[in-house]
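*Asks:* Take any residue in the sequence shown, note its place counting from 1, add 30, and you have its number in my numbering. Beta carbons are placed, not taken as given, at the ideal position from N, Cα and C, and that holds for glycine. Because the structure is a prediction, the values reported are computed rather than measured.
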Amino acid sequence: MNTLIPRRQGGFSLVELMVSVVIGLLALLFATRLVISGEANKDAAVGGSDSMQNGMLAMFSLSGDAATAGWGLNDRTVAGCNTTFSDQRGYQLLGAKQDGVDITPLAGVVIQSNGAAPDVISFNSGSSNAGVGSIKMTADYGGESFVVGAQIGPYGYNPGDVLVVSAQASDRPCTIMQMAGFNPAAGRGAEMLLAGGSQYRYNPAPAMAQAYAKNVTFMYNLGQPDLLHFHTWSVRNGILLLRATDLAGAEGAGSSVADNIVSIKAQYGFDNRALANYDPNPAGNGTQMVATSTGMQTTVWSGTMIDADNDGVNGGPGDYQRIAAVRIAVVARSKTVEKPRPGAACSATTAQPTVFANAVPRGVAAVPVTVNVAVAGDATDWKCYRYRVFETIVPILNSQFRP
């Protein structure tokens with residue numbers, strides 16, 4: 031009698047199948063974590079690259095403006111002068127305080143310091159080769175449609191040029207006007223004509239409101255109107271904005287320059303040394319060498335105006351003439367939001383950044399500022415972003431060389 035021996039069926043047992051499923055789930059979990067970690071690292075790297083590019087663009091733009099600031103505005107009767115200014119295209123000078131009173135100073139650098147919030151910074155300069163020269167007013171001005179200069183058709187003065195009219199008297203504000211040319215009538219060639227209309231955008235009317243006296247009033251040339259380099263930088267909703275007289279369409283509302291810029295900060299570098307016969311020209315005063323002509327030095331940093339010339343007035347013209355340098359900081363953030371772990375708070379950034387913490391030049395005390403990087407209207411916590419801080423110091427060279 032033959033006995034049949036049962037044969038084992040092929041395939042997996044239930045236990046083997048369950049072990050395989052568990053191993054597969056563990057592999058999937060590991061792969062998922064690997065992908066998530068890789069994406070997070072990529073976002074951090076890309077975000078860092080974005081903030082680097084935006085921050086460098088913003089800093090390059092601001093420092094470039096600072097390097098040319100003050101050209102044509104460095105005469106003692108102009109720098110820091112409270113100025114009457116009008117632009118038909120909407121540009122306005124940045125306001126400031128002089129002993130608590132609102133003024134509109136005409137200076138190479140004007141800073142509106144806003145504490146932990148973004149500052150507003152203006153860099154101003156002319157473009158005329160004759161900007162450091164001046165013409166004396168030789169007849170009293172009382173509302174006429176012309177001003178009388180000391181020369182007939184002076185070198186470098188052309189129809190349409192923008193001029194600064196400045197009196198050597200502290201109670202008389204400066205006025206920015208635009209000349210329409212010289213009077214062609216015989217014997218009247220020294221009259222610099224004023225005119226209204228859109229062609230002369232800096233003349234609110236064919237006359238100036240301020241009266242000026244002869245022989246104590248001078249006129250300085252800032253060049254052609256579309257080349258007038260008056261720039262105001264600000265930050266709104268994470269966008270760096272530029273208002274400019276020489277950028278069509280950006281005179282009033284401003285133009286976007288770089289995104290994800292959460293703050294710009296600036297400080298004046300004053301030379302507040304109490305020196306007799308103070309003269310910043312490194313080579314002397316133009317006629318002879320003087321003992322104090324050692325050049326300007328930054329001796330104190332401040333985000334607001336101080337009484338740098340020790341005349342008892344805070345924010346007077348002499349204080350603007352003591353600005354030797356400007357310290358600039360740009361704070362940029364990453365474009366990507368780094369999401370926290372489930373149930374946890376964002377931790378990409380845990381503390382607000384601090385700028386201007388280093389004591390430079392040597393021996394000059396630092397004035398550090400903590401920057402609020404939260405963007406108004408942004409529902410995402412500021413801690414979910416990464417930030418980069420860019421800083422530089424730019425000497426205001428045009429303040430040191432004065433006619």
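Taking Cβ positions, are TYR250 and GLY102 nearer each other than 8 Å?
*Replies:* The answer is yes: Cβ separation under 8 Å.
*Asks:* Please classify GLU46: is it buried, with 16 or more other beta-carbons within 10 angstroms of its beta-carbon, or exposed?
*Replies:* Exposed, by the Cβ-count rule.
*Asks:* Count the other C-beta atoms from every protein chain shown that fall within 10 angstroms of the C-beta of GLY345, then say buried if there are 16 or more, exposed otherwise.
*Replies:* GLY345 is buried by the Cβ-count criterion.
*Asks:* Beta-carbon separation of ILE358 and LEU123 under 8 Å?
*Replies:* Cβ distance not < 8 Å, so ILE358 and LEU123 don't count as in contact.
*Asks:* Going by the DSSP bridge assignment, what does ARG363 pair with across the sheet?
*Replies:* In the DSSP output, where bridge partners are listed per residue, ARG363 has TYR417.
*Asks:* Would the segment 194–205 count as touching the segment 222–241 if we require 3 or more Cβ pairs under 8 Å?
*Replies:* Contact between the segment 194–205 and the segment 222–241 is present, because at least three Cβ pairs lie under 8 Å.
*Asks:* Within the same chain, show all residues whose beta-carbon is closer than 6 Å to that of LEU87, passing over the 5 residues directly before and after it, in chain order.
*Replies:* Contacts found: ALA288.
*Asks:* Decide yes or no for the touch test of the segment 373–390 against the segment 408–423: beta carbon pairs closer than 8 Å, at least 3 of them.
*Replies:* In short, these stretches touch, since the Cβ pair count reaches three.
*Asks:* Looking at the structure shown, is SER143 part of a helix, part of a strand, or coil, going by DSSP?
*Replies:* If DSSP states are grouped into helix, strand and coil, SER143 belongs with coil.
*Asks:* Distance, Cα to Cα, TYR350 vs ALA296?
*Replies:* TYR350 and ALA296: Cα-Cα distance of roughly 15 Å.
*Asks:* On the DSSP letters alone, give me the boundaries of the alpha helix (DSSP H) that ASP349 sits inside.
*Replies:* Per DSSP, ASP349 belongs to the alpha helix (DSSP H) from 347–350.
*Asks:* Can you list, in chain order, the residues of its chain with a C-beta nearer than 7 Å to that of GLN118? Leave out the 5 residues immediately preceding and following it.
*Replies:* Cβ neighbours of GLN118 beyond the five flanking positions: SER228 and ARG231.
*Asks:* Between THR366, PRO425 and GLY282, which has its C-alpha nearest GLY120's C-alpha?
*Replies:* Nearest C-alpha to GLY120: GLY282.
*Asks:* Please classify ARG371: does DSSP put it in a helix, a strand, or coil?
*Replies:* Correct three-state label for ARG371: coil.
*Asks:* Is GLY316 helix, strand or coil when you go by DSSP?
*Replies:* Confidence at GLY316 is low in this model, with a pLDDT of 44, below 50, so the placement of that residue is unreliable and no value is reported for it.
*Asks:* Grab the span of the beta strand (DSSP E) containing VAL150 for me, first residue to last.
*Replies:* Looking at the DSSP string, the run of the beta strand (DSSP E) that includes VAL150 is 150–155.
*Asks:* Go ahead and label PRO255 buried or exposed: buried means 16 or more other beta carbons lie within 10 angstroms of its beta carbon, across all protein chains shown.
*Replies:* So PRO255 ends up on the buried side.
*Asks:* Helix or strand or just coil, what does DSSP make of GLU174?
*Replies:* GLU174: coil per DSSP, three-state reduction.
*Asks:* What separation, rounded to the nearest whole angstrom, lies between the Cα atoms of THR114 and ASN388?
*Replies:* Looking at the two C-alpha atoms, the distance is approximately 38 Å.
*Asks:* Beta-carbon within less than 7 Å of VAL140's beta-carbon, same chain only, minus the 5 sequence neighbours each way: which residues are those?
*Replies:* Once the five neighbours on either side are set aside, the close Cβ partners of VAL140 are LEU124, ALA126 and SER152.
*Asks:* In three-state terms, what does DSSP make of ASN428?
*Replies:* Helix, per DSSP.
*Asks:* Whole angstroms are fine: how far does the CA of VAL150 sit from the CA of ASP341?
*Replies:* Taking the straight line from one Cα to the other gives about 27 Å.
*Asks:* With distances taken between CB atoms, is the gap from ILE336 to PHE386 smaller than 8 Å?
*Replies:* The answer is no: Cβ separation not under 8 Å.
*Asks:* Are LEU272 and TRP263 touching if we call contact CB-CB under 8 Å?
*Replies:* It is a contact, given that the beta carbons lie within the stated cut-off.
*Asks:* Roughly how many angstroms lie between the CA atoms of GLY85 and ALA274, to the nearest whole one?
*Replies:* If I take the Cα positions, the gap works out to 20 Å.
*Asks:* Is it true that the CB of GLY407 sits closer than 8 Å to the CB of ASN267?
*Replies:* Going by C-beta atoms, ASN267 is nearer than 8 Å to GLY407.
*Asks:* Using a Cβ-Cβ distance under 8 Å, would ALA280 count as near chain B?
*Replies:* Judged by its chain identifiers, the structure shown contains no chain B, having just a single protein chain.
*Asks:* Would you identify the three-state DSSP class for MET209, choosing helix, strand or coil?
*Replies:* Of the three classes helix, strand and coil, the one that applies to MET209 here is strand, per DSSP.
*Asks:* Check the DSSP bridge columns for VAL356 and list the partner residues they point to.
*Replies:* DSSP lists TYR298 and VAL424 as partners of VAL356.
*Asks:* Among ALA225, SER196, GLN142 and GLY217, which one has its Cα closest to the Cα of ALA210?
*Replies:* Comparing Cα positions, the closest option is ALA225.
*Asks:* Is PHE115 helix, strand or coil when you go by DSSP?
*Replies:* Correct three-state label for PHE115: coil.
*Asks:* On the DSSP letters alone, give me the boundaries of the beta strand (DSSP E) that ASN251 sits inside.
*Replies:* Counting along the chain, the beta strand (DSSP E) containing ASN251 begins and ends at 247–253.
*Asks:* Out of GLY173, PRO184, GLU174 and PHE176, point me to the one whose CA is closest to SER164's CA.
*Replies:* Checked all of GLY173, PRO184, GLU174 and PHE176; the closest Cα to SER164 is PRO184.
*Asks:* By Cβ distance, which residues of its chain are closer than 8 Å to ALA304, with the 5 residues on each side in sequence left out?
*Replies:* Only ASN340 meet the Cβ criterion.
*Asks:* So the candidates are PRO214, ALA215 and MET222; which of them puts its Cα closest to the Cα of PHE176?
*Replies:* Comparing Cα-Cα distances from PHE176 to each of PRO214, ALA215 and MET222, the minimum goes to MET222.
*Asks:* Determine which residues share a DSSP beta bridge with ILE133 and list them.
*Replies:* Paired residue(s): ALA126.
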